[in-house]
Structures are given as structure tokens and as C-alpha cells.
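Undergrad: Chains as they are written, first to last, in the numbering used here: chain A, 52 to 511; chain B, 938 to 1138.
All residues carry an ideal CB built from backbone N, CA and C; glycine is no exception.
Predicted model only: the values in this text are computed from it and were never measured.
Attaching a single structure in C-alpha cells format; questions to follow.
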Amino acid sequence: MTTQGGVQYSKIAEIKGPLVIVDGVENAAFDELVEIETNEGEKRLGKVLEVGNGKAIVQVFEGTTGLSVSGTNAKFVGKVMEMPVSEEVLGRVFDGLGRPKDGLPDPVASSFLDINGAPMNPEQREYPKDFIQTGVSVIDGMLTLVRGQKLPIFSGSGMSHNILAAQIARQASVVGTSDEFAVVFAAIGVQFSEAEYFRRSLEESGALKRSVLFLNLADDPAIERIITPRVALTVAEYLAYDLGMHVLVILTDMTNYAEALREISAAREEVPGRKGYPGYLYTDLSTIYERAGRLRGKNGSVTQMPILSMPSDDITHPIPDLTGYITEGQIVLGRDLFRQGVYPPVNILMSLSRIMKDGIGEGRTRADHQEISNQNYDAYSRAQEVRALAGIVGKAGLTEVDLNYMNFGDEFENKFLTQAIDENRTIEETLGLQWNTISNLPKNELTKVKDKFIEQYYKE
Amino acid sequence: MPSLAELSLEKTVDQVLEKNRSQLLESLKLSFSESQQQLSDSLPELEKEYERILSEGQKEAEKIEKQIVGSSDLEVRNKALLLVEEHTSMVFEKAKEQIKNTKRDSNYSNLISTLLTEATEALGTSEITVFTNSTDKDIVQSAISKISGADLSSEQIDCMGGVKITSKDGSMTFDNTIDARFERMKPLIRKNIAAKFSLGN
């Protein structure tokens, strides 16, 4: 970092894509914030990507359109990019760089935090084990979200992931505790109509009061997208660890983030990795995802739900692939279910919440939760097999039990999975629906559930 | 006198009528008991439906309450924010006015020397051109006489006070005017002013 921030350099060697190369720089530091001033006095923000040999490579967040080598000045501010934070950020709407977008002044800051966050001491991490109720049956019942977890949603273009994201943001809550709950919502490269939908949806449901929105629109400079998840997570960390809140961070769409990263990498002429994404995509994504968690001695938690749309619904694409290595499970939206008109179209057979087992059961949700969930998984998998078989031999060739499984499959999709976009189901309702659907099968088919639970909950 | 055949027909008709009557009565009894059964069966259903409507109504009411309370809370908070901002700006303007009219005494001369030293250190060279406003021209002139290689520009800048320096090759500039420092410190000062209005920490 410069010993004294504020030195302005006027020798611009080159402007290349989103990068500005400044000459004659002596004291700049990696990640240092830079103010670029155009001929017309317009100011743009950037950060130092590389320094050395008297040159500094600056990544301009707002793009370099309209900049020229002569007449452009770069002021090295002497500090990294910071986000002003305080309790006042709740209920506010910001742009992708953390500037107010709701016509109100900057929030009065309690402190200014480095947007890159402070790495969590692994020894101080606490294992996530408390339930977050999203009010969405398939998530609460079968892919339970746990406080401090990072559970991504893998979707495809045109599917209802944004509607699901908004529903979760509106409905999510922690049950059985008086601890405060907040939602930080970061929209990365979304259309204006989607951004408006998110804002209106939170406003009209009264959930905006406990939410913070960061909106980077599709027509905002792509480079800004590198910053959006980071400012959002900085606010989330402040709310969680300084104010003791349980914070759910929803990041949509991380594919746009990765594409911005690819753009910078290409401009820097780095050796491309898979599909042109930089070789450090995994490391970079982990700097975002690993900011979820709980810390020993701190009351709050940061839970992450990144949403990414898989190009061509390809789950082996580098973005979902690398995301899956870092996160603790995934919720996969299925194209077939979406086409059938099922909402939310969650393909449970491809989805998994790895740490669900620690957040459910007696004292957290209900004693039979794990078993009824396993039974539903098992039965739905069998129903899919039976459907495939019926496609070959016809319904007439199926046994009585097979037909029961087919009925179960239909009921599972139509009554348990399908939910209105404003329907907020409690965990009791969700578990009740799971028992309703499984009761399409004869008792002797329920091999994953203890007899005492069958006695108690099976619907004759 | 009716014939035997007529009597026999009458008897058969009576028998049929009697049989139909008893069947009808039986059927009526059955229907009655069935409808009673249905009525008693539908009672729990009715109660369930009643409970469902009540709970849905309750949920809806809670949703609306949340909406109303949430938006009113936000509205109040936002109004307070705007008010504080307005007053903070007034405080800033007042402060700027006072700074502008500060007496150019020995303390101020020391301040100019400090600002010059700071700026020179930031650029890492003393081969500099110094810019200032018309009021501070003389004080700055005497301060730069101690720095070899420093010249005072004849061009004057519009500021409250302080200096702005540029390396002689024009590649580096450091703005150490009071205006620039004010801008740099603004978020922190703003926080302190807001705290006086009991907002922020």
C-alpha cells in the first residue's frame, strides 16, 4: 500500500479491455483502490491487479469505454476497497459496487470493512448444525439448509431459479430461537425486470426490512460483477459476527460472475483453462464460498445459497463442477419437471444437502425427519424406474405394487414438490405432506422408517 | 259380485302394493340412516375445513401485518436518514465556511509546511511545482523556500486552503488541499456528526 494514499499518475501506458496500465508507479500495492479520472472529470473505480517494473495494472470496475491514454489520470487511494457497514444497511438497496441505489444517502457507517473479508481461522470454525426454514417443502424436507452451510442451486437458462430465490429470501427464518435473521441478496448480471421483481417481492412481503439488496444489472459493466458478491458478503459478515444475526446470502447468478472473471483473464492474456475460464477459477470461487460458516464464540452465522445457471444444462461445465467441489451439496433444478409445470422443479435424485443430517431430527425439526426423507428418496427413485418400465411394457404389464409406486411418484410431484410461489409451509406441514405421499404405498414397503413412526404418522 | 279372477287379481295387486310399500319404507329408512351417517361423517371434515380456513386466514393476516409493519418501519427510518443527511450537510457547509475564514497566523503557516512535507513525501521527489489559492500564496511561498527544487506556480487553484503539488515532469500529482483532505475524511466525519444526532455509532 502507498505510504500516503492519493498520488495521482497521469502516464497511462495502455488501455486493454477492462484494464488500464499505468506507468511510473512506485508505491502501489496489490488490490489497492484506484480512482480513474477521465478528461471530462468523470470518476471511475478500479483496483490494482499487478505491480512491478514501475507499472501497475488496474482493473476498472465500470469499464474503460470512453477512456483515452491521454488525459486520463489514475489516483491510487492508498487503501483497499471498503464497504461502509452498520445496522442501517438493512432495508437498503445498493448497486453492484455497494453504492446506494434507492435514492437515500450513504448509510452512516459503524465501520469500514475490506470487501475481501478476513479469512476465517479454520480452528475457530464451528460445525453447522441448526436448521433454517425456507418454507419450501422440497428444501426443508429433503435438502435441509443448515446455518453456516453453503448450498448452491444449479439451474438452467429460463428456469424458475430467480422465483425460487426470491421466495426463499421472503420466507426464510430460523425457528425455535429469538435470534435475529437477515437476508443479503446479491443479484449479479440480472435483467432489469428480474432486479425489479426481487426488490418488489421483498418490499411487498415486508421482508425488505430485514434484507439488504445488491443489484448489478445485465447492462452494468461486467467487471463490477467481480465486486458484487464480495460487498454482499462483507455486509453479511458484519451482520453475523458483529451484530449476532443469522444471515442467509443469496448470490444469483454466479455464472455471470465467472464470465466477468473470464473477461479479465482474457484481457490479461493469461493461459486459459477449461472453456476459457482462468486456471484459478476454483481458487477464486472458494474465496467467495468459503466466507460462509459459523465462528466459535460468535452468535451469528453466514449461510450461502449461490445460484448458477448451467450453460446448456451441463452439470460438468467448469462452473457447477468447481462449485460442487467447494460447497456442501447442491440443489439441482430439472428441465423435465420445469416443462411439466412443476414449481419448484427440484430434481431430488440429483440433489443433496451434505450436512442436512446434523441440522434435523429430534430437538431441531422432528424425530422422524431423516427417515421419512430417506423413504421418500427411495420411493421416488423406484417410481422413476417404474415409469421407465411402463414406457416399455405399458401400464398393464405392471404389478399392483409397481402401480402404487407410480401413483406415489405423481402424488410426490403434484402435492409435495409443487408449491405456490407465495406458499410458506412450516416444517410440520412439510413432514405431514411427506407422510401423505408415502402413505400411497403399503406399509410393508416402508423399509426405511421405524415401526413406531409408521404407527404414529402413516395415513390409512 | 266380483268374479274369482277379479278377486285373485285384486289380491295380487294388494300383495304387490304391500311389497312395494315395505321396500319403499326400507329404502327410506336406509336413506335416512345413510344421510345421518354422512352428516356425522362430514362433521369432522367440516371441522377440518373450518380449521384450514381459519389457519389460512391467520397466515394471511400475519403476512399483511408483516407487510404493513415492515414498510412503515422502513419509511420512518428512511425519513430519519434523510433528515440526518440534510442536517449533516448543513454542518459541513458551516464547517467549510469557518475553515475558509480561518486566520492565516503562525499555526496556519505550520499547517501549510506539514501539508507540503506530507505531499512531497508522497510523491517521493522534491522536484515539484506547487499550486495554491490566492489567499495562501505568500505563506506557501515562504514554506517552499525551505524545499530545494520546489517552485510555486503562478497559476492559482480554487480551494479553501492547502497545497496541490505536481512533479516537474507532470506525471504525478498529489492533492493536499484542505478540500481534498476534507473529502478523504468525509465518511468518518459524517459518522461522528450523525452520532451527535443519535444515529450510527
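(1) Residue 60 of chain A versus chain B: which residues are under 7 Å apart at the beta carbon?
(2) What does residue 1061 of chain B reach in chain A if we use C-beta pairs closer than 8 Å?
(3) How many Å lie between residue 1126 of chain B and residue 480 of chain A at the Cα?
(4) Using a cut-off of 9 Å between C-beta atoms, extract the partners of residue 155 of chain A located in chain B.
(5) Which of the three DSSP states, helix, strand or coil, is assigned to residue 212 of chain A?
(6) Run down chain B in chain order and give the residues with a C-beta less than 7 Å from the C-beta of residue 260 of chain A.
(7) Of all the beta strand (DSSP E) runs that stay within the bounds of the region 174 to 241 of chain A, which reach a length of 3 or more residues?
(8) Under a three-way DSSP split, which group does residue 100 of chain A fall into?
(9) Would you mind reading off the limits of the beta strand (DSSP E) that contains residue 297 of chain A?
(10) Considering just the uninterrupted stretch of the beta strand (DSSP E) at residue 995 of chain B, what are its terminal residues?
(11) Relative to the C-alpha of residue 63 of chain A, which residue among A:112, A:102 and A:120 is closest?
(12) Helix, strand or coil for residue 112 of chain A per DSSP?
(13) For residue 60 of chain A, which option in A:108, A:69 and A:67 has the closest C-alpha, if you only look at C-alpha atoms?
(14) Between residue 1138 of chain B and the rest of its own chain, which residues show a CB-CB distance below 8 Å, the 5 nearest in sequence each way excluded?
(15) Of the choices A:452, A:445 and A:396, whose alpha-carbon is the least far from that of residue 204 of chain A?
(16) Nearest by alpha-carbon distance to residue 1134 of chain B: which of B:969, B:992, B:1000 and B:1023 is it?
(17) Does residue 1119 of chain B come within less than 8 Å of chain A when only Cβ atoms are used?
(18) Which whole-angstrom value is the C-beta distance of residue 75 of chain A and residue 129 of chain A, which I expect to be below 8 Å?
(19) Given residue 494 of chain A, which residues of its chain have a CB within under 8 Å of its CB, disregarding the five upstream and five downstream residues?
(20) Looking at chain C, which residues of the region 157 to 173 of chain A have a Cβ within less than 9 Å of any of its Cβ atoms?
(21) Determine whether the beta carbon atoms of residue 373 of chain A and residue 206 of chain A lie at a separation below 8 Å.
(22) What is the DSSP secondary structure of residue 361 of chain A, counted as helix, strand or coil?
(23) Less than 8 Å between the beta carbons of residue 1046 of chain B and residue 1076 of chain B, yes or no?
(24) Quick one: is residue 139 of chain A buried, meaning 16 or more other Cβ sit within 10 Å of its Cβ, or exposed?
(25) I want to know whether the region 253 to 262 of chain A touches the region 87 to 103 of chain A - three or more CB-CB distances under 8 Å.
(26) Suppose you measure from the CA of residue 1012 of chain B to the CA of residue 1119 of chain B; what does that come to, to the nearest Å?
(27) Apart from the five residues on each side of it in sequence, which residues of its chain come closer than 6 Å, Cβ to Cβ, to residue 405 of chain A?
(28) Which value, in whole angstroms, describes the spacing of the CA atoms of residue 1083 of chain B and residue 1031 of chain B?
(29) Taking only three categories from DSSP, how would you classify residue 424 of chain A?
(30) Can you find a CB in chain A that lies within less than 8 Å of the CB of residue 981 of chain B?
(31) How is residue 321 of chain A classed by DSSP in three states: helix, strand or coil?
(32) Please classify residue 1059 of chain B: is it buried, with 16 or more other beta-carbons within 10 angstroms of its beta-carbon, or exposed?
(33) Identify the continuous alpha helix (DSSP H) that holds residue 505 of chain A and give its terminal residues.
(34) So residue 157 of chain A packs on residue 410 of chain A, CB below 8 Å; how close in whole Å?
(35) Measure the C-alpha to C-alpha separation of residue 52 of chain A and residue 1063 of chain B and round it to an integer number of angstroms.
(36) For the 8 Å Cβ check, are there 3 or more pairs between the region 295 to 304 of chain A and the region 355 to 362 of chain A?
TA: With the structure as the only source:
(1) Here the neighbours are 1108 and 1109.
(2) Ordered by position in chain A, the residues that pass the 8 Å Cβ test against residue 1061 of chain B are 77 and 78.
(3) Cα-Cα distance, rounded: 52 Å.
(4) Neighbours of residue 155 of chain A on chain B, chain order: 1015, 1018, 1019 and 1022.
(5) Helix, per DSSP.
(6) 1007, 1010 and 1011, listed in chain order.
(7) As far as the region 174 to 241 of chain A is concerned, its whole beta strand (DSSP E) runs of at least 3 residues are 204 to 207 and 232 to 241.
(8) When DSSP states are grouped into helix, strand and coil, residue 100 of chain A belongs to the strand group.
(9) If you look at residue 297 of chain A, you'll find it in the beta strand (DSSP E) that goes 297 to 303.
(10) Note, residue 995 of chain B: premise wrong, no beta strand (DSSP E); alpha helix (DSSP H) at 941 to 1037.
(11) Nearest to residue 63 of chain A by C-alpha distance, out of A:112, A:102 and A:120, is A:120.
(12) Coil.
(13) Looking at A:108, A:69 and A:67, the one whose alpha-carbon comes closest to that of residue 60 of chain A is A:108.
(14) Caution is warranted here: a pLDDT of 46 is assigned to residue 1138 of chain B, below 50, making its placement in the model unreliable, and the coordinate value is therefore given only provisionally. Counting only Cβ-Cβ distances below 8 Å, and skipping sequence neighbours, we find 1128 and 1132.
(15) The shortest C-alpha separation from residue 204 of chain A is found at A:396.
(16) With distances taken between Cα atoms, residue 1134 of chain B lies closest to B:1023.
(17) Closer than 8 Å: no.
(18) 17 Å between Cβ atoms; not a contact.
(19) For residue 494 of chain A, where only same-chain residues beyond five positions count, the Cβ hits under 8 Å are 505 and 509.
(20) Among the protein chains of the structure shown, namely A and B, there is no chain C.
(21) It is not a contact, given that the beta carbons lie outside the stated cut-off.
(22) Residue 361 of chain A: strand per DSSP, three-state reduction.
(23) For the 8 Å CB-CB criterion, residue 1046 of chain B and residue 1076 of chain B form a contact.
(24) Counting every other CB atom within 10 Å of its CB across the protein chains shown gives residue 139 of chain A a total of 16 or more, marking it as buried.
(25) The region 253 to 262 of chain A and the region 87 to 103 of chain A do not touch, with fewer than 3 CB-CB distances between them shorter than 8 Å.
(26) Cα to Cα, residue 1012 of chain B sits roughly 31 Å from residue 1119 of chain B.
(27) Non-local C-beta neighbours of residue 405 of chain A in its own chain, meaning closer than 6 Å and more than five positions away in sequence, comprise 379 and 380, ordered along the chain.
(28) Taking the straight line joining both Cα atoms gives about 34 Å.
(29) Note: residue 424 of chain A maps to helix in three-state DSSP.
(30) With respect to chain A, the C-beta atom of residue 981 of chain B has no partner C-beta closer than 8 Å.
(31) Residue 321 of chain A falls in the coil class under three-state DSSP.
(32) Buried is the call here.
(33) First-last of the alpha helix (DSSP H) with residue 505 of chain A: 502 to 508.
(34) About 37 Å separates the Cβ atoms of residue 157 of chain A and residue 410 of chain A, ruling out a contact at the 8 Å cut-off.
(35) Residue confidence is low: residue 52 of chain A scores 42 on pLDDT, short of 50, so the model does not pin down where it sits. Its coordinate-derived value is still stated next. Approximately 21 Å between the Cα atoms of the pair.
(36) Two segments are said to touch when three or more pairs of C-beta atoms, one from each, lie closer than 8 Å; by this definition the region 295 to 304 of chain A touches the region 355 to 362 of chain A.
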